[in-house]
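**Student:** First the structure, which I've put down as structure tokens, then a few questions once you've had a look.
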Amino acid sequence: MNVFQIGAAGGVGRRLTRLLAARGDSVTGMHRGPAQGETVREAGGIPVIGDLITDTVDDLAQKMQGHDAVVFSAGAHGTGMDKTTLIDGKGLQKAADAAALAGVTRFVLVSVFPDALRGGEAGDGFEHYIKVKKSADVYLTRTDLDWLIVRPGTLLDTPGSGRVTAGPAVEYGDVHRDDVAAFIDAALHEPALRRVIVELTSGDTPVADAVARLTA
Ligand SMILES: NC(=O)c1ccc[n+]([C@@H]2O[C@H](COP(=O)([O-])OP(=O)(O)OC[C@H]3O[C@@H](n4cnc5c(N)ncnc54)[C@H](OP(=O)(O)O)[C@@H]3O)[C@@H](O)[C@H]2O)c1
């Protein structure tokens, strides 16, 4: 499978590149700067420069040509509300439009639980982020793409267990970036798992079984 990753040098992205490359997939990893290009290469991907803010839909579509799937795990990561709107919001719209234009039908989006941090500790920037992410989900679900939306809980960098709780609605919790990457790696290779939203936390079910159950 030829996979085009947006956010390939990020925490989830580089873990996913490693898994896909290890199973023999070809990964093109979009990044913005030279240092991130090295990260993509080290993970086993082919770096390609791109920016969701400055690239047009046509620019992105050209980069996506010839791929079988797009994985979008980019995000503004707390750099400001404007950036959140441009990257997590409009950037996702551009990427989905570009995938359609390039004829790449499979599209996986890393989103977020709408009920993340509901305890009142979140500020305006986080509230904006949640709204933008939800609107991005809505946008993608209204396309004709074979989309899959994965909503992870709070992401952890510590090593994953390979076990998750996954379903259309699960209780909010943490999840290791390793396990998010493992879930997407398995889900990408299960074409029947399409046009669904999956919420994902750490849990007891091996990733492969979780994907098989969702597909059944
Ligand atoms: N943090 C959490 O607890 C949490 C929880 C649920 C969901 N999420 C979501 O999970 C996703 C992945 O998280 P992560 O930890 O892997 O994020 P991350 O490490 O911050 O990586 C974000 C990636 O987005 C890319 N990016 C930023 N601006 C861009 C732009 N203008 N054009 C293209 N790429 C751009 C960065 O690219 P460069 O490498 O070029 O800088 C980076 O690779 C995000 O969408 C996030 O919203 C996060």
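Under my numbering, the letters of the sequence shown match residues 9 to 224, in that order. Beta carbons: idealized from backbone N, C-alpha and C, even for Gly. As the structure is a prediction and not an experimental result, all values here were calculated from the model.
(1) Is the distance from the Cβ of Asp186 to the Cβ of Gly168 below 8 Å?
(2) Report the option in Val78, Ala84, Pro122, Glu179 whose CA atom is closest to the CA atom of Ala106.
(3) Mapping DSSP to helix, strand and coil, what is Gln101?
(4) Below 7 Å, is the gap between the Cβ of Leu196 and the nearest heavy atom of ligand 1?
(5) Does the Cβ of Ser59 lie closer than 7 Å to at least one heavy atom of ligand 1?
(6) Under the criterion of a Cβ to heavy atom distance below 7 Å, does Ser34 qualify as lining ligand 1?
(7) In the DSSP assignment, find the unbroken alpha helix (DSSP H) run with Gly58 in it and report its ends.
(8) Nearer than 7 Å: is that true of the beta carbon of Pro160 relative to any heavy atom of ligand 1?
(9) Keeping to the same chain, check which residues put their C-beta closer than 6 Å to that of Ser119; ignore five residues upstream and five downstream.
(10) Measuring straight from C-alpha to C-alpha, what distance separates Gly32 and Arg22?
(11) Residues bridged to Thr162 by DSSP?
(12) If we call anything under 8 Å between Cβ atoms a contact, is Thr25 one with Gly53?
(13) Is the CB-CB distance between Lys91 and Met38 below 8 Å?
(14) Whose C-alpha, out of Ala51, Leu163, Ala194, is nearest the C-alpha of Tyr180?
(15) Report the residue from Leu153, Ala190, Asp182 whose alpha carbon sits nearest the alpha carbon of Gly170.
(16) Per DSSP, what kind of secondary structure is Arg203 in: helix, strand or coil?
**Tutor:** According to the structure data:
(1) The beta carbons of Asp186 and Gly168 sit closer together than 8 Å.
(2) With respect to the C-alpha of Ala106, the residue from Val78, Ala84, Pro122, Glu179 having the closest C-alpha is Val78.
(3) helix
(4) Checking every heavy atom of ligand 1 against the Cβ of Leu196, none is found closer than 7 Å.
(5) One point to set straight first is that residue 59 is Asp, not Ser, in the sequence displayed. Yes - ligand 1 has a heavy atom lying nearer than 7 Å to the Cβ of Asp59.
(6) no
(7) First-last for Gly58: undefined, no H or E at that position.
(8) yes
(9) Lys141, Asp145, Ile157, Arg159
(10) 15 Å
(11) Beta-bridge analysis with DSSP links Thr162 to Asp182.
(12) Yes, the Cβ-Cβ distance between Thr25 and Gly53 is below 8 Å.
(13) It is not a contact, given that the beta carbons lie outside the stated cut-off.
(14) The residue with the shortest Cα to Cα distance from Tyr180 is Leu163.
(15) Ala190
(16) Under the three-state reduction of DSSP, Arg203 is assigned to coil, being neither helix nor strand.
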